[in-house]
Amino acid sequence: MPIFGAQRPATGRHKPTIMNDILNHLTSKTLEAIQALWGQEAEAAQVQFQKTRKEFEGHLTLVVFPLLKISRAKPEQTAELLGKALLERCADSLSGFNVIKGFLNLSLSEAYFIQMLRTIAQQDDFGIRQPSQDAPTVLVEYASPNTNKPLHLGHVRNILLGNSLARVLAAAGKHVKKVQVVNDRGIHICKSMLAYQKFGQGIEPSAELKGDHLVGRFYVRFDQEHRLQIQQLVEQGMDPKQAKDKAPILLEAQEMLRQWEAGEPAVRALWERMNQWVYQGFDATYADYGVDFDKNYYESQTYELGKRLVLEAVGQGILQQKDDGSVWADLTADGLDEKVLLRSDGTSVYMTQDIGTALLRHDEFQFDHMVYVVGNEQEYHFKALKLILAKMGHAWAGELTHLSYGMVELPEGKMKSREGKVVDADDLFQEMLQTARQTALELGKLDELSPEEQLRTHRMIALGAVKYFILKVNPKKTMLFNPAESIDFNGNTGPFIQYTHARVSSLLRKAAERQLWNPEQLAAFETLSAKEAELVQLLAELPAQIQQAADEFSPALLANYCYELTKTYNQFYNDFPILREENPESRALRLLLSANVAKVLRLAMGLLGIELPERM
RNA sequence: GGCCCCAUAGCUCAGUGGAUAGAGCAACAGCCUUCUAAGCUGUCGGCCGCAGGUUCGAGUCCUGCUGGGGUCGCCA
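Each step along the first sequence adds one to the number in this note's numbering, with nothing skipped, and position 51 is 39.
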């Protein structure tokens, strides 16, 4: 059930939000009525409207229980009195009311709905707030991949969420910058490099093998070799734990990391080369999924800044250096533990780099807020990061938010990259594309389109299915992905919504061909059915839905909203003639309504990064 | 073990302190000579993990318990 909680003051020049406007109006009139009826001031918080449940007559419901202390009367009587008073005061918008127990159900007038629809129809970007000059700047960090293996389903949830969140925040009137941090240095990439040196035989990326997959293959190769050596050492009588640390290939990788830090040219060259392969691979994946970034940060370029800042903080007594040279932040006073920031050999850890990156970003963008879209296994890390930055004297540490999304699990449990139990991002895209193509061919509705147009539509549908499937789930919750049966094209899915859009598009094309309707001309209709009113009411909720999605960092709210709107529209489409309607005014209303359902779906689904086709 | 998160229909998920807790999938039964059937309608399916508490009112807030996940690295 939609939100009518927060009533935002109508400040400055802003476009009408329609549903909020009527709610604010009703709220103030209710307060007036309470004063007139019982001579007492009520607080706005006591006046709470909600959407009337479908099984009752009316559109908006005032729950009168909180007002009984003021009225000192029975719920029914209180509701009755308020209903009459409101009807008198809001003759322009209300057409009637009914009372059931403590619920005062108000009916909005048909004329008011038609006025709402006209208002919505006049705005091409209905519900979207353009950021004003002084609107806050928000950085959204998403995807922080390691450069040693290709992206998998976990990254897919990450990039889809982050990208959608960025769109939602922008639509809520913020200046948004999308940033990425690439973990391009460290032992993980050295493992791939070493295995490539030993076993690569100069192989290079090709059409059959993307760069990120190639590098990932050698990461796996390293692991195989490592295991083999451990086994050999254990057979020679070494303790398994010790064998893991003493395996020659691991020692070699560690040596390679030291050489990297020392700037050894050959190591740096190989590192550059292999990272470039990975970036090209990532870029292709990002392009397939339709996500991008305004700026990339590389760990190799920020860790030294982080290190410097940490050492400065030691000098200021904010952080502590132990006898072995390691540097620590004492977070015990805040209920956390001590956290290491520099190893005893002076090398930096993940946290060090994050400190450097955060400062760099603050200098560059002067952000008001930064959101890290990172999995919930790193909650501790981000709590610590905020505390450390605050200790270092950065007031903006309080403006960092960790959007902690849940893991994606497979039917057999957690994904494990080393055991090959992963769903690869590129494979997933290709499989969905194949399924979309096959379904489209079976149905044969795209046959008239050019091959390019067909492919474009197949991609749209494949992505619509994946994105909607992932984004409709509350980001905070663990979600299950069953490759065999998870992604469907029927029911509560992206393609279901896309299909409805295609049907409306078809209606509008035919209406234009047959000159049944001129969209510029708003017909002089005066009446509409309950179903049509329901649709207008849903349309009018878009601005509040976007605002709430932005407030709660939850694109899922918009997915559910789109689904409800689509479902309701399909019922309407099924039960009402549109082109076939003979009354021209009624036909014009239905076409205008359909066009605006399509528009709102385009806008809202667009915030999920999902495009809607004209045909499918 | 400490801390954090989760538990709603067979499965996947909605559900903002308000009315008789909703969708989709799966199963079954209907609806295309008519605007795209990737659609619509109906049937079946629930001690909202358990036990207390707060409240006029609890799936929703609080406490305890049970079960599951995460985290507590000089890993990222």
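We put the beta carbon where it would ideally sit given N, CA and C, even for glycine. From a predicted model like this one, the values you see are computed outputs, not experimental measurements.
For residue i, three-class secondary structure by DSSP
{"i": "residue 382", "result": "coil"}
{"i": "residue 120", "result": "coil"}
{"i": "residue 484", "result": "helix"}
{"i": "residue 276", "result": "helix"}
{"i": "residue -3", "result": "Confidence at residue -3 is low in this model, with a pLDDT of 32, below 50, so its placement is unreliable and no value can be given for it."}
{"i": "residue 476", "result": "coil"}
{"i": "residue 104", "result": "helix"}
{"i": "residue 180", "result": "helix"}
{"i": "residue 597", "result": "coil"}
{"i": "residue 334", "result": "coil"}
{"i": "residue 129", "result": "strand"}
{"i": "residue 91", "result": "strand"}
{"i": "residue 604", "result": "coil"}
Inter-residue spacing [alpha-carbon to alpha-carbon] between residue i and residue j
{"i": "residue 161", "j": "residue 16", "result": "26 Å"}
{"i": "residue 343", "j": "residue 260", "result": "24 Å"}
{"i": "residue -9", "j": "residue 536", "result": "Unreliable positioning characterises residue -9 in this predicted model, as indicated by a pLDDT of 32, which lies under 50. The coordinate reading is nonetheless provided below. Cα-Cα distance, rounded: 8 Å."}
{"i": "residue 573", "j": "residue 25", "result": "42 Å"}
{"i": "residue 140", "j": "residue 291", "result": "26 Å"}
{"i": "residue 345", "j": "residue 287", "result": "8 Å"}
{"i": "residue 48", "j": "residue 97", "result": "12 Å"}
{"i": "residue 516", "j": "residue 582", "result": "14 Å"}
{"i": "residue 569", "j": "residue 499", "result": "12 Å"}
{"i": "residue 212", "j": "residue 289", "result": "31 Å"}
{"i": "residue 539", "j": "residue 112", "result": "24 Å"}
{"i": "residue 470", "j": "residue 409", "result": "13 Å"}
{"i": "residue 549", "j": "residue 519", "result": "17 Å"}
{"i": "residue 252", "j": "residue 258", "result": "10 Å"}
{"i": "residue 1", "j": "residue 118", "result": "Summary for residue 1: the model assigns pLDDT 34, below 50, so the residue's position carries little reliability, and this model does not support an answer."}
{"i": "residue 35", "j": "residue 19", "result": "8 Å"}
Endpoints, alpha helix (DSSP H) assigned at residue i
{"i": "residue 150", "result": "141 to 159"}
{"i": "residue 16", "result": "7 to 26"}
{"i": "residue 316", "result": "It is not in any alpha helix (DSSP H) - residue 316 instead sits in the beta strand (DSSP E) that spans 315 to 318."}
{"i": "residue 350", "result": "338 to 353"}
{"i": "residue 36", "result": "Run containing residue 36: none; DSSP gives neither H nor E here."}
{"i": "residue 584", "result": "572 to 594"}
{"i": "residue 462", "result": "Note, residue 462: premise wrong, no alpha helix (DSSP H); not H, not E."}
{"i": "residue 611", "result": "An answer regarding residue 611 cannot be provided, because it is not within the stretch -11 to 604 covered by the chain."}
{"i": "residue 554", "result": "543 to 563"}
{"i": "residue 302", "result": "287 to 303"}
{"i": "residue 71", "result": "63 to 77"}
{"i": "residue 233", "result": "228 to 234"}
{"i": "residue 430", "result": "413 to 431"}
{"i": "residue 55", "result": "Counting along the chain, residue 55 falls outside any alpha helix (DSSP H), and DSSP gives it neither H nor E."}
{"i": "residue 539", "result": "530 to 540"}
Beta-carbon contacts of residue i that lie in its chain and below 7 Å, excluding the five residues immediately before and after
{"i": "residue 231", "result": "218, 221, 222"}
{"i": "residue 56", "result": "63, 66"}
{"i": "residue 116", "result": "159, 591"}
{"i": "residue 169", "result": "129, 132, 285, 287, 345"}
{"i": "residue 255", "result": "244, 247, 248"}
Where the beta strand (DSSP E) through residue i begins and ends
{"i": "residue 83", "result": "82 to 88"}
{"i": "residue 168", "result": "163 to 170"}
{"i": "residue 361", "result": "357 to 363"}
{"i": "residue 457", "result": "No beta strand (DSSP E) contains residue 457, which is instead part of the alpha helix (DSSP H) from 439 to 459."}
{"i": "residue 390", "result": "388 to 393"}
{"i": "residue 397", "result": "396 to 398"}
{"i": "residue 197", "result": "No beta strand (DSSP E) contains residue 197, which DSSP labels as neither H nor E."}
{"i": "residue 49", "result": "48 to 51"}
Same chain, Cβ closer than 8 Å to residue i, neighbours up to 5 away in sequence not counted
{"i": "residue 335", "result": "249"}
Close beta carbons around residue i, own chain, < 6 Å, minus the five adjacent residues each side
{"i": "residue 176", "result": "134, 136"}
{"i": "residue 424", "result": "446, 449, 450"}
Three-pair Cβ contact test at 8 Å for the stretch 454 to 467 versus the stretch 426 to 436: The way I'd put it, the stretch 454 to 467 doesn't touch the stretch 426 to 436; fewer than three beta-carbon pairs between them come closer than 8 Å.
Touching by the beta-carbon criterion (3+ pairs, under 8 Å), the stretch 58 to 72 and the stretch 487 to 501: As far as the Cβ criterion goes, the stretch 58 to 72 does not touch the stretch 487 to 501, which means the pair count is below three.
Stretch-stretch touch, CB-based, cutoff 8 Å, three pairs: the stretch 324 to 335 with the stretch 364 to 372: Touching, yes, given that three or more Cβ pairs across the two stretches are closer than 8 Å.
Contact between the stretch 520 to 530 and the stretch 441 to 452 (3+ Cβ pairs under 8 Å): Contact check between the stretch 520 to 530 and the stretch 441 to 452: fewer than three CB pairs, one atom from each, fall below 8 Å, which does not count as touching.
Validate contact between the stretch 98 to 113 and the stretch 123 to 138 using beta carbons, cut 8 Å, 3 pairs: The answer is no - the stretch 123 to 138 does not touch the stretch 98 to 113, with fewer than three Cβ pairs under 8 Å.
contact_flag[the stretch 155 to 174, the stretch 194 to 209] where n(CB pairs < 8 Å) is 3 or more: Cβ pair count under 8 Å is below three, so no.
The stretch 410 to 419 / the stretch 385 to 392 touching (three or more Cβ pairs under 8 Å): No: fewer than three Cβ pairs fall under 8 Å.
Cβ contact check for the stretch 353 to 364 and the stretch 138 to 155: 3 or more pairs under 8 Å: They touch, by the three-pair rule.
At least three beta-carbon pairs within less than 8 Å, the stretch 590 to 600 to the stretch 532 to 552: By the Cβ rule, the stretch 590 to 600 counts as touching the stretch 532 to 552, because three or more pairs are nearer than 8 Å.
Any 3 or more C-beta pairs closer than 8 Å across the stretch 448 to 455 and the stretch 469 to 489: Output reads yes: the stretch 469 to 489 touches the stretch 448 to 455.
Touch test, the stretch 86 to 95 against the stretch 42 to 61, Cβ-Cβ under 8 Å, three pairs minimum: Counting Cβ pairs under 8 Å, three or more are found: they touch.
Validate contact between the stretch 387 to 397 and the stretch 417 to 424 using beta carbons, cut 8 Å, 3 pairs: Short answer: they don't touch.
Three or more C-beta pairs below 8 Å linking the stretch 254 to 270 and the stretch 178 to 189: Yes: at least three Cβ pairs fall under 8 Å.
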